[in-house]
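In my numbering, the protein residues as written are 4 to 458.
For every residue, glycine included, the Cβ atom is placed at its ideal position computed from N, Cα and C.
In what follows, a structure is listed as C-alpha cells, so that the remarks can point back to it.
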Ligand code: SF4
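Spelled out as C-alpha cells, the structure:
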C-alpha cells in the first residue's frame, strides 16, 4: 500500500482502508468534489476488480489521474446510485427487477457485472465447477421449419440431408457407453415424413441398447411438433416418451420469448407460451428440464431481460429447471449472416446478468461449444459454474461456424477448470456427483450437498 500513498496524496487522492475490501481503495476526494459527475463508487469498483496484480495499480492510477473523459468506466451519479441499490440487493440476496436487469445490461461494465455475479455464483456453488461426460445425437437435420438463425436444417432432398437408421442410433448409444458417458443429448430437425412413433423409437432404441444412459431428448419445439402431428395434448406426448425411456428435456427452442423478435427469427416454430406450457407440463410429470436463450442477433436488452424474467416466473411455480444456458448466436451459413457474432464481452455480460437475474436457478452453464474454451473458462468467474460436457458429435453449432473442437477430453476439461481456480467435479444429468471407475459410474451426492459440505 505504501507504494501508492505518495502519488495519491500528491494528487489530492486519499487511500483509505475499506471494510470488507480485499484490496486498497483509492478515493480521489478533492477531485471528486469538483467533478460530481464521476463517482467514488465507480472508481472503487474499477480498482477492486483490477487490483489483483501490483503492476496494474500504476496503470490504474494513471487512468485515475487522467482527465475524466479517458476514464472509461465512469458513470453519472444517478446511475451510480442505481448500481449501488442493485449491489445492495445482490449482497442481501434480494430479487432484481426487470428494470434492474435492463439497467445492468445497458449501463454497467462487464467487470462490475462479473464481480456481482461471482458473489451469487460462489454463494450457490462455492468453488465447484461441474461438467458431464456426454455424447450428442442429432438424428436428422431434415426440418420443416426455416428459422433464420439456423445453419443445421436441410430440405429433404438436399445433398446434405441425413436421417439416422435405428442401427445407427443404437451404435451411437453403445459408443456413448464405451466412452463412459452418463448422458446422451438428443435434438434434431422436425422431419415432416417421420411419424411420432419414429421419434419415440429414437428414445426406445437408445434405452434398450444402454438402459443406464440418461436420455435428455427433444426440445419444447419438438414436443410441440409431436403434439401437432398426433393431435394429442402435451401430457400424452410426454407420457409416451417417458414410457420409452426419456429422462429429462434439454432447454433448446426458447430462443427469445418476445413475439416480435420471434417473428423475425423463427416465425413458424412453437411460440413462447407453448414452450413455457410444455416445460410446465414436463415438470408436473416429474421431468427436469433446462432452459436456454439465444442472444446476440436482432434482440435488445429488454428482450433478453424479459426472457429471463419469464423463465424465473415458471421456475417459481415449478422448480423444475436445472440449469440455464445462454447460447451465443453463430451467424455463419444462416439467414442472418450479415450480423456479426456476439463479442466476448457480450458473452460474459450475458452470463453475468443471467446469474444475477435467475436467482432461483441453481446453475448457469457456459456452453463451451458456442463460447469457445477460453471464454467459457473465464465465464467461471462471471457467474457460470458448469462447463457442459465432453461433447462429441456436435453438429448444430459447427454447421453455423463454431470453430471449437467437436469434443474435449476429461483431462482438457479438468485443466480448463483448474486454471480458472475452480475445483472440477463430474456431474450426471440430475446434478449429482459421478463416482467413476473407468467407463463404469454410479451417482453420488447431489452437488448442493457438496457445496454445503465445503462451506
Ligand atoms: S432451429 Fe430447429 S426448428 Fe428451426 S430450422 Fe433449425 S432445426 Fe428446424
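- Excluding the 5 residues flanking it on each side, residue 404 has same chain C-beta neighbours closer than 6 angstroms at 333, 335, in chain order.
- For residue 321, the uninterrupted alpha helix (DSSP H) segment begins and ends at 304-321.
- For residue 155, the shortest C-beta to heavy atom distance toward ligand 1 is below 7 angstroms.
- Taken through DSSP and simplified to helix, strand or coil, residue 444 comes out as strand.
- DSSP lists 135 as the bridge partner or partners of residue 392.
- A Cβ-Cβ separation of about 6 angstroms places residue 359 in contact with residue 99 under the 8 angstroms criterion.
- In this structure, the C-beta of residue 148 approaches ligand 1 to less than 7 angstroms from one of its heavy atoms.
- At the C-beta level, residue 353 and residue 375 stay beyond 8 angstroms of one another.
- According to the DSSP assignment, residue 326 belongs to the beta strand (DSSP E) that extends over 324-331.
- In the structure shown, residue 187 falls within a strand segment according to DSSP collapsed to helix, strand and coil.
- Excluding five sequence positions before and after residue 411, the CB atoms of its chain that fall closer than 6 angstroms to its own CB belong to 393, given in chain order.
- Only residues of its own chain outside the window of five on either side were considered, and among them 212, 213 have a CB closer than 7 angstroms to the CB of residue 177, listed in chain order.
- For residue 426, the enclosing beta strand (DSSP E) starts and ends at 426-429.
- Look at residue 212 here: in three-state DSSP terms it is helix.
- Comparing alpha carbon positions, the residue from 113, 223, 164, 133 closest to residue 347 is 113.
- For residue 292, the enclosing beta strand (DSSP E) starts and ends at 291-298.
- Taking residue 423 as the centre and dropping the five residues before and after it, the same chain places the C-beta of 132, 380, 381, 383, 384 closer than 8 angstroms to its C-beta, in chain order.
- If you draw a straight line from the Cα of residue 122 to the Cα of residue 389, it comes to about 16 angstroms.
- The segment 287-299 makes no contact with the segment 160-175, as fewer than three CB pairs between them are under 8 angstroms.
- Note that the C-beta distance between residue 337 and residue 164 is not below 8 angstroms.
- Distance from the Cα of residue 310 is smallest, within the candidate group 270, 262, 339, 320, for 262.
- With fewer than 16 other Cβ atoms from the protein chains shown falling within 10 Å of its own Cβ, residue 445 counts as exposed.
- Distances from the CA of residue 115 to each of 124, 128, 143, 86 were compared; the closest alpha carbon is that of 86.
- Of the residues 425, 184, 443, the one whose Cα lies closest to the Cα of residue 454 is 425.
- Contact between residue 260 and residue 318 is ruled out by a C-beta separation of about 14 angstroms, above the 8 angstroms threshold.
- In the displayed model, residue 252 falls within a strand according to three-state DSSP.
- Take residue 357, set aside five residues on each side of it, and the residues of its chain with a beta-carbon closer than 7 angstroms to its own are 311, 327, 329, 367, 386, in chain order.
- The three-state secondary structure of residue 98, taken from DSSP, is coil.
- Under the three-state reduction of DSSP output, residue 218 falls in the strand class.
- Residue 352 carries a helical assignment under DSSP once its states are collapsed to helix, strand and coil.
- Taking 8 angstroms as the upper bound for CB-CB distance, residue 137 and residue 187 are in contact here, some 7 angstroms apart.
- A residue is called buried once 16 or more other Cβ atoms fall within 10 Å of its Cβ, and residue 130, having fewer, is exposed.
- In this chain, residue 410 is not harboured by any alpha helix (DSSP H), its DSSP state being neither H nor E.
- Under the three-state reduction of DSSP, residue 166 is assigned to strand.
- DSSP places residue 276 in the uninterrupted alpha helix (DSSP H) bounded by 275-287.
- The continuous alpha helix (DSSP H) containing residue 246 extends over residues 237-247.
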